[in-house]
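In our numbering, the protein residues as written are 7 to 386. Backbone N, C-alpha and C fix where the C-beta goes; we use that ideal spot for every residue, glycine too.
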């Protein structure tokens, strides 16, 4: 007998809080609520503290030295923050602790008032009949039960494109709880007008991560260079953008733009066999990845070629993704590989291309492209 673990876990998350509330009764549920209030305030305080600390330190970073000359400590802090990522790693937690203490002073009276209100409700709840008390307690737990189930289904929804296990996909397809929640709540949420505002927030967060990653790659330990440059491998600069615009100048279609970039990258970047050997042996920590180092050195491996294609494509208004999978060579050997998908807006379709293999033949939207390239479903 096979079990649908998605359904079992979702049902467990849905039923357990309601059942526990029913067993505890309203007085016990209200006692538990005091802990949840304290925990919620504690979590929100830390989130707000770190957000305010990062915002404040970034404001300090925007100051010019002459604006801070009257405060030697501020001038020293500005120098340290500009010099090293380690200064950020120390300054952010310290600033967050200070902000947390200040917030605690403000919200303590509010928290005390809420506790007093809950204590009064507990006294009233003790006067209710036992059955009614249990029913109210179960009702109070219902939002928590639905929220936990929703979060679990959301995680499954987000994991499906990346977890390539047929049994997992089949469980999601066969789970009535998953299908109903996904179709009625999650999919409409992702397509609602609310999500139209998310790209702006995502872009701001992405820019911040890129800035930290670039500083870490330059000033951090050499052993972390591979990790940080991988996170920012699609980053571009003015030289890359200007070159991309020059390459496609005069092109009238998205296909022509993409083909020119594909040809340029394939003919101007040389494959770095030494780098490939280091990656294969697991010694990739000190390597640099991405569009910028590849453009500057004119050398790279498949992820570098495809990262440069992403950066150049985006510079000229093309939607370009990096796709991962397995490549099959004519001698029968195979190995992990990366290539690109380009969206042709005027043709309303995605096409594959492999700038790494440009010198080996036609790998720009050729009919048998996927005979030699087997995607694993991961696109970035």
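Straight across, the Cα-Cα distance linking residue 180 with residue 20 is about 18 Å. When the alpha-carbon of residue 129 is set against those of 37, 248 and 359, the nearest one is in 37. For the pair residue 362 and residue 273, the Cα-to-Cα distance works out to about 9 Å. Secondary structure note for residue 355: its beta strand (DSSP E) is the uninterrupted segment 355–359. Residue range 260–274 is occupied by the alpha helix (DSSP H) that includes residue 267. Look at residue 277 here: in three-state DSSP terms it is strand. Annotated three-state conformation of residue 181 is coil, per DSSP. A residue is called buried when at least 16 other Cβ atoms come within 10 angstroms of its Cβ; residue 307 meets this threshold and is buried. Per DSSP, reduced to three states, the secondary structure at residue 332 is strand. Non-local beta-carbon contacts of residue 136 in its own chain, meaning distances under 8 Å to residues more than five positions away in sequence, involve 31 in chain order. Under the three-state reduction of DSSP, residue 189 is assigned to helix. The beta carbons of residue 27 and residue 131 sit about 12 Å from each other, so the pair does not count as a contact at 8 Å. If you draw a straight line from the Cα of residue 118 to the Cα of residue 322, it comes to about 57 Å. Distances from the CA of residue 49 to each of 110, 22 and 60 were compared; the closest alpha carbon is that of 110.
Shortest Cα-Cα distance from residue 107 to any of 330, 8, 23 and 51 involves 51.
Assignment of beta-bridge partners to residue 349 by DSSP yields 325 and 356. Residue 253 places its beta carbon 7 Å or farther from that of residue 261. Across the structure, residue 280 and residue 301 are spaced so that their CA atoms are roughly 17 Å apart. Nearest C-alpha to residue 353 among 140, 17 and 325: 325. DSSP places residue 288 in no alpha helix (DSSP H); its state is neither H nor E. With at least 16 other beta carbons inside 10 angstroms of its own, residue 238 counts as buried.
In this structure, the alpha-carbon of residue 290 lies about 32 Å from that of residue 174. In the three-state scheme derived from DSSP, where H, G and I count as helix and E and B as strand, residue 23 is classed as helix. By the neighbour-count definition (other C-beta atoms within 10 Å, threshold 16), residue 147 is a buried residue. For residue 139, the enclosing alpha helix (DSSP H) begins and ends at 136–165. With respect to the 7 Å criterion, residue 312 and residue 346 are classified as neighbours on the basis of their beta carbons.
In its chain, beyond the 5 residues on either side, 128, 131 and 132 have a beta carbon closer than 6 Å to the beta carbon of residue 33. Where residue 245 is concerned, the enclosing alpha helix (DSSP H) starts and stops at 244–254.
In the three-state reduction of the DSSP assignment, residue 132 falls in the coil class.
According to DSSP, residue 55 shares a beta bridge with no other residue. Straight across, the Cα-Cα distance linking residue 250 with residue 150 is about 51 Å.
Here residue 177 is buried: its Cβ has 16 or more other Cβ atoms, across all protein chains shown, within 10 Å. If you draw a straight line from the Cα of residue 41 to the Cα of residue 182, it comes to about 34 Å. Secondary structure at residue 369: coil, using DSSP grouped into helix, strand and coil.
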